[in-house]
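Enquirer: The following block contains the structure, expressed as structure tokens.
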Amino acid sequence: MGEGAVIKQQVVGKPKAVQLDFMPFKFCPGCHESLVWRALGEVIDELDIQGKAIACLDIGCSGVLMVGLAVDGLHCLHGRSTAVAAGVKRVLPQAICFNIGGDGSLCAIGAGHMVNVMMRSDPITTIFLNNSGYGMTGGQVAPTSLIGLRTTTTPEGRDVQSTGFPLHLSEIAATMLGTAYVSRVSVHTPANYQKARKAIKTAFQKQMDGVGYSLVEILCACPPNWGLSPLAANSFVEEKLIGEFPLGEFKNVDKIEYTVDPEINRVGRVKRG
Amino acid sequence: MADRRLLSGNEAIGWGAILGECKAFFGYPITPQSEILEFLATELPKVGGVFLQTEDEIAAVSMVYGSSMTGTRTMSATSSPGISLMQETVSLMAYLKVPSVIVDVCRFGPGSGMAQTSQTDYRQVTKGGGHGGYRCIVLAPSSSQECCDLVQLALWLADRYQMTVYVLTDATIGQSCELVDLKTRDFGALPDKDWVIRGLDARGGVRQGFHQHMWDYVGYHQDMNEKYREIAENEIKYEAYCADDAEVILVAYGYVSRMAKGAVDLVREEGLKVGLLRLITLWPFPTNTLRELGSRARRVLVVEHSSGLLVEDVECALQGKVPVHLLGIWGTHRRDSSGIIYPERIVEEIKQMESVA
Amino acid sequence: MLTMGKVLAQAGSSHYRYVTYHPNYGPSMRGGECECTVTLSNKENTSIASRNPSAAILMGAGAWMLHEPQVKPGGLLLVDSSIVAERTMRDDVTVHYIPATQMALELGLAMVSNLILLGAYLEATKALPLEAIEKALKDKYTGTKGERFLPIDLEAIKLGAKFITDSQTGGRHGT
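Residue numbers (my numbering), protein chains in the order written: chain A, 566 to 838; chain B, 191 to 547; chain C, 29 to 203.
Structure follows, in structure tokens:
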């Protein structure tokens, strides 16, 4: 840069909704969560919802985003972020409520809440980070772990006889009437990152339009727990994780159609009047 | 004229919630609590409140937490097994200092037990209930009127001290009907809720810390001890009935305390000097009052519909200076779960106790 | 049984300062034994219920075994003699054996046997005027599915009361 040069346009930087100074925190080398963090920050900026967003952060690595997002947030117990977000949204409908959780939170301990928010069509958004295992607790088998994956609690590899088959949350969500938007994305290439960002934005938009529940499942690399280098973990997402969990938009509706049968409405223990 | 109605304890709790300006209720059906749920499903939306029947008690209390964090007066109601399910979040709310009111219409336990009356949750609610060494205020109504009044007090205390307040009733109180004056109770001014989470816009862009005590757990526990001391100094409630000249003091709460009151009337007719300490707050516990009454009495009889839980606190308060007797669950009139302790059984126990003495 | 108690308590609300209705029943919504205690008083009801009530209405063999010995001396026993075959050995209580279920069937609706007994109770004790019960029933059922049974309900109350007056004037079902 020559003498007297003037910065005319800042072409790099961080989203407003991303904060670096709240508390020190770090991700493992090659972790994809920082990309989700950035994507969320960008979408919150683009939709201009920083002032009314409320994040409900689950337990696990996904909860680390609590300290990195400059939005109001609630610290939730393991698996409960979905129910907490639904509770907040009930009493504060104008807020943009979303929860972030991993596969342990949303597919194991908190799976019941997931099915029920979908059933009730609570207009909240769930950001689901699927890294095929428990990250923070140290790499135990999760409902989403790939068959054969060697985890600390399946040392010989995930055995379907004992621990079953990978759980496909997005496919389940797409079958439920109450969901407005369901998408599975990844962030392992720049092109996929852009798609992920778009999916998050659409999901928030569904909430803002009051359509219903929205879910974005993001496949994430977890190099330490997979025992792979960052680069190899990135390739593992491409070659293996996507093989089990195909990417794509599973559902996208602008209105959830339903009917009330007046004959049914006349039946029941409680009489009118 | 005052609005006076015949209400079950459960309906009166619902009315207490409405009069106490509770604006959100999350709950799950369980006998013998369901009438509270059904009442509020109809009545809460009429006053602009939010009602939701959730998938389980864990979701209910999670939503109570989320809703209360927005500054909304929120409560839930359940019965014993539901209280167990809620404990993890009650502990979280203790840590984050979140107000909430949880009604426990106690049923027979342990396990799934039976849906009839009992007082087997005493230890759980008075000692905190979940992990982490915290406390909750526990109010124990003994009539429909008190159900209505004490729920209002519970909502106020929850906001005043930013903590969970239990209202512990039982199937007998919950389902018995009595006349209730529906009155709004005023307990005084409350501190501003400057801790609410409603989005950054609502607070001028200042972000709320989520782990309030992450760097000072010692300070957290010291602060809480200070708060518990303050509560124990200011919020103890009890009724001393015919206790001034009593040589025998009965100690009881909930439906059993009403039976004990009836027993006092019966034995007083026969000239026996018996009185009753009816506990209204189970925590804080009226240790000093009991010690004072005990010092003038020859013996103390604890009556409770359990194997002997309250009796531990009574013995602790009396420090071995007065003999403490227990009429527990074996005092019920049937051996199955539908037995209750009648006044006449308490009278029998008093007479037997006195004849042996 | 529980409906009868609740209606009595409701009717008593406008005549007594203290009213307590205490139901006791099994865990499921229908069926099984149940009992309830109603206390109408102008003095505070310190207790919720009493093991020794001043009157008992018994509609089953189980209830008979449990409560017949417990009624206070000088008290009143009203028994549905269509269901309970027992006869008391006590001479310190007033007993009326009323074939309430049979009478109800003659009226065309077995489930009003409780109201026949309630009518008898009110006539025997004068605890409340019959009109108070009639009003409570009307308040409870008007505008509901039960409204069509109101005429037969009211008739049952009167029939029960008449049973007592007849027996006191030497009618066919002496006590």
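C-beta: ideal position from N, C-alpha, C; glycine also. Quick caveat, the model's predicted, so the values are computed rather than measured.
1. In chain order, which continuous runs of the beta strand (DSSP E) of length 3 or greater are located wholly inside the segment 121–171 of chain C?
2. Are the segment 217–228 of chain B and the segment 666–684 of chain A in contact at 8 angstroms, needing three or more beta carbon pairs?
3. Counting beta carbon pairs with one atom in the segment 312–323 of chain B and one in the segment 450–462 of chain B, are three or more of them shorter than 8 angstroms?
4. Under the assumption that C/L187 contacts C/T153 (Cβ atoms under 8 angstroms), give the Cβ distance between them as a whole number of angstroms.
5. Could you work out which residue in B/L483, B/E460, B/S497 and B/E416 is closest to B/E429 when comparing CA atoms only?
6. Do we get a CB-CB distance below 8 angstroms when we pair A/A648 with the residues of chain B?
7. According to DSSP, simplified to helix, strand and coil, what is B/E505?
8. Closest Cβ-Cβ distance between A/Q705 and chain B: below 8 angstroms?
9. Thinking just about the alpha-carbon of each residue, which of A/A650, A/G675, A/M588 and A/T690 is nearest to the one in B/M404?
10. Go ahead and pull the three-state DSSP assignment for B/I531.
11. Which residues bound the alpha helix (DSSP H) around A/H640?
12. Give the residues from the segment 65–85 of chain C that approach chain F closer than 8 angstroms (Cβ to any Cβ), ordered along the chain.
13. List the endpoints of the continuous alpha helix (DSSP H) containing A/F801.
14. Does A/I572 have its Cβ less than 8 angstroms from a Cβ in chain B?
15. Given that A/Q615 touches chain B, what residues does it touch there, using C-beta distances under 7 angstroms?
16. Pull up the DSSP beta-bridge partners for C/P279, would you.
17. Restricting to Cα atoms, I'd like to know which of B/T260, B/G238, B/T264 and B/R525 is closest to B/A250.
18. Taking the straight line between their C-alpha atoms, what separation do you get for A/I855 and A/N799?
19. Spell out a yes or no on whether the segment 358–372 of chain B and the segment 198–214 of chain B are touching, meaning 3 or more CB-CB pairs, one atom from each, closer than 8 angstroms.
20. What residue range does the beta strand (DSSP E) around A/F815 cover?
21. Please list the residues of the segment 303–327 of chain B that have a C-beta atom closer than 9 angstroms to any C-beta atom in chain C, keeping them in chain order.
22. Check whether chain A comes within 8 angstroms of B/M253, counting only Cβ atoms and requiring the distance to be less than that.
23. Put B/R468 into one of helix, strand or coil per three-state DSSP.
24. Please work out which residues of its chain come closer than 6 angstroms, Cβ to Cβ, to A/C662, disregarding the five sequence neighbours upstream and downstream, and give them in chain order.
25. Is A/C621 helix, strand or coil by DSSP?
26. So is C/T48 buried or exposed if we call it buried at 16+ other beta carbons inside 10 Å?
27. Taking C/T193 as part of the alpha helix (DSSP H), name the residues at either end of that continuous run.
28. Pairs of beta-carbons, one from the segment 717–727 of chain A and one from the segment 747–754 of chain A, closer than 8 angstroms: are there three or more?
29. Please check if any C-beta of chain A sits within less than 8 angstroms of the C-beta of B/S266.
30. Decide if B/R524 is buried, meaning its Cβ has at least 16 other Cβ atoms within 10 Å, or exposed.
31. Closest Cβ-Cβ distance between B/F216 and chain A: below 8 angstroms?
32. Assuming B/Y443 contacts B/R419 under a Cβ cut-off of 8 angstroms, what Cβ separation, rounded to an integer in Å, is found between them?
33. If distances are taken between C-alpha atoms only, which option among A/N681, A/G644, A/L796 and A/E804 comes closest to A/M741?
34. Can you tell me where the beta strand (DSSP E) holding B/F215 begins and where it ends?
35. Does the count of Cβ pairs from the segment 347–357 of chain B and the segment 286–295 of chain B closer than 8 angstroms reach three?
36. For chain A, check one thing: does any of its Cβ atoms lie closer than 8 angstroms to the Cβ of B/M353?
Expert: So, to answer that:
1. Runs of beta strand (DSSP E) with 3 or more residues, each lying fully within the segment 121–171 of chain C, are found at 122–126, listed in chain order.
2. With a cut-off of 8 angstroms, the segment 666–684 of chain A and the segment 217–228 of chain B do not count as touching, because too few Cβ pairs lie within range.
3. Touching, no.
4. One-based indexing of the third sequence puts residue 187 of chain C at position 159. One-based indexing of the third sequence puts residue 153 of chain C at position 125. No, C/L187 and C/T153 are not in contact; Cβ-Cβ is about 17 angstroms, not under 8 angstroms.
5. By one-based count along the second sequence, residue 429 of chain B stands at place 239. Per the Cα distances, B/L483.
6. On the first sequence, position 83 is the one that residue 648 of chain A refers to. A/A648 counts as touching chain B.
7. For this step, residue 505 of chain B is matched to residue 315 along the second sequence. Residue state, collapsed to three classes: helix.
8. Here residue 705 of chain A refers to the residue found at position 140 when the first sequence is read from its first residue. At a cut-off of 8 angstroms between beta carbons, A/Q705 makes no contact with chain B.
9. Against the second sequence, residue 404 of chain B aligns to sequence position 214. Checking every option, the nearest Cα to that of B/M404 belongs to A/M588.
10. Your numbering for residue 531 of chain B matches position 341 in the second sequence. Coil at B/I531, not helix or strand.
11. Here the question's residue 640 of chain A lines up with position 75 in the first sequence. Counting along the chain, A/H640 sits inside no alpha helix (DSSP H); it lies in the beta strand (DSSP E) bounded by residues D637 to H640.
12. As a matter of chain content, chain F is missing from the structure shown, whose protein chains are A, B and C.
13. Here residue 801 of chain A is taken as the residue at index 236 of the first sequence, counted from 1. Unbroken alpha helix (DSSP H) run through A/F801: P795 to F801.
14. The count along the first sequence starts at 1 and reaches residue 572 of chain A at position 7. With 8 angstroms as the cut-off, A/I572 does not count as an interface residue toward chain B.
15. Residue mapping note: residue 615 of chain A aligns to position 50 of the first sequence, counting from 1. Simply L390.
16. This structure gives no information on residue 279 of chain C, because the portion of chain C shown stretches from 29 to 203.
17. The residue given as residue 250 of chain B occupies position 60 in the second sequence. With respect to the C-alpha of B/A250, the residue from B/T260, B/G238, B/T264 and B/R525 having the closest C-alpha is B/T264.
18. Absent from the structure is residue 855 of chain A, since the part of chain A shown begins at 566 and ends at 838.
19. Yes, since at least three Cβ pairs between the segment 358–372 of chain B and the segment 198–214 of chain B fall closer than 8 angstroms, the two stretches touch.
20. Here residue 815 of chain A refers to the residue found at position 250 when the first sequence is read from its first residue. It spans G813 to N817 - the beta strand (DSSP E) in which A/F815 sits, taken as one unbroken run.
21. From the segment 303–327 of chain B, only M304, A305, Q306 and T307 have a Cβ closer than 9 angstroms to chain C.
22. In the second sequence, the residue the question calls residue 253 of chain B occupies position 63. Yes, its Cβ sits closer than 8 angstroms to a Cβ of chain A.
23. As a first step, residue 468 of chain B must be located in the second sequence, where it is residue number 278. If DSSP states are grouped into helix, strand and coil, B/R468 belongs with the strands.
24. Counting from one through the first sequence, the residue named residue 662 of chain A turns up at place 97. If we look at A/C662 and ignore the five residues flanking it on each side, its Cβ neighbours are I619, A650, V653, K654 and I689.
25. Along the first sequence, read from residue 1 onward, the residue named residue 621 of chain A stands at position 56. A/C621: strand per DSSP, three-state reduction.
26. Taking the first residue of the third sequence as position 1, residue 48 of chain C is located at position 20. Looking at its Cβ environment, which holds 16 or more other Cβ atoms inside 10 Å, C/T48 is buried.
27. Here residue 193 of chain C refers to the residue found at position 165 of the third sequence. Per DSSP, C/T193 belongs to the alpha helix (DSSP H) from L178 to Q196.
28. By the criterion of at least three beta-carbon pairs nearer than 8 angstroms, the segment 717–727 of chain A is not in contact with the segment 747–754 of chain A.
29. One-based indexing of the second sequence puts residue 266 of chain B at position 76. Taking Cβ atoms only, chain A never reaches closer than 8 angstroms to B/S266, which makes this a no.
30. Residue 524 of chain B sits at position 334 when you count from the first residue of the second sequence. Counting Cβ neighbours within 10 Å, B/R524 comes out exposed, since fewer than 16 surround it.
31. Against the second sequence, residue 216 of chain B aligns to sequence position 26. Yes, contact with chain A.
32. Sequence index remark: in the second sequence, residue 443 of chain B carries index 253 (1-based). Sequence index remark: in the second sequence, residue 419 of chain B carries index 229 (1-based). In this structure B/Y443 is not in contact with B/R419, their Cβ atoms being roughly 23 angstroms apart against a cut-off of 8 angstroms.
33. Taking the first sequence and counting its residues from 1, the one referred to as residue 741 of chain A is at position 176. When each option's Cα is compared against that of A/M741, the closest is A/N681.
34. The sequence position of residue 215 of chain B within the second sequence is 25, counting from 1. Per DSSP, B/F215 belongs to the beta strand (DSSP E) from A214 to G217.
35. Three or more beta-carbon pairs drawn from the segment 347–357 of chain B and the segment 286–295 of chain B are found closer than 8 angstroms, and the two stretches are therefore classed as touching.
36. Stepping through the second sequence from its first residue, residue 353 of chain B is reached at position 163. It does not; no Cβ of chain A falls within 8 angstroms.
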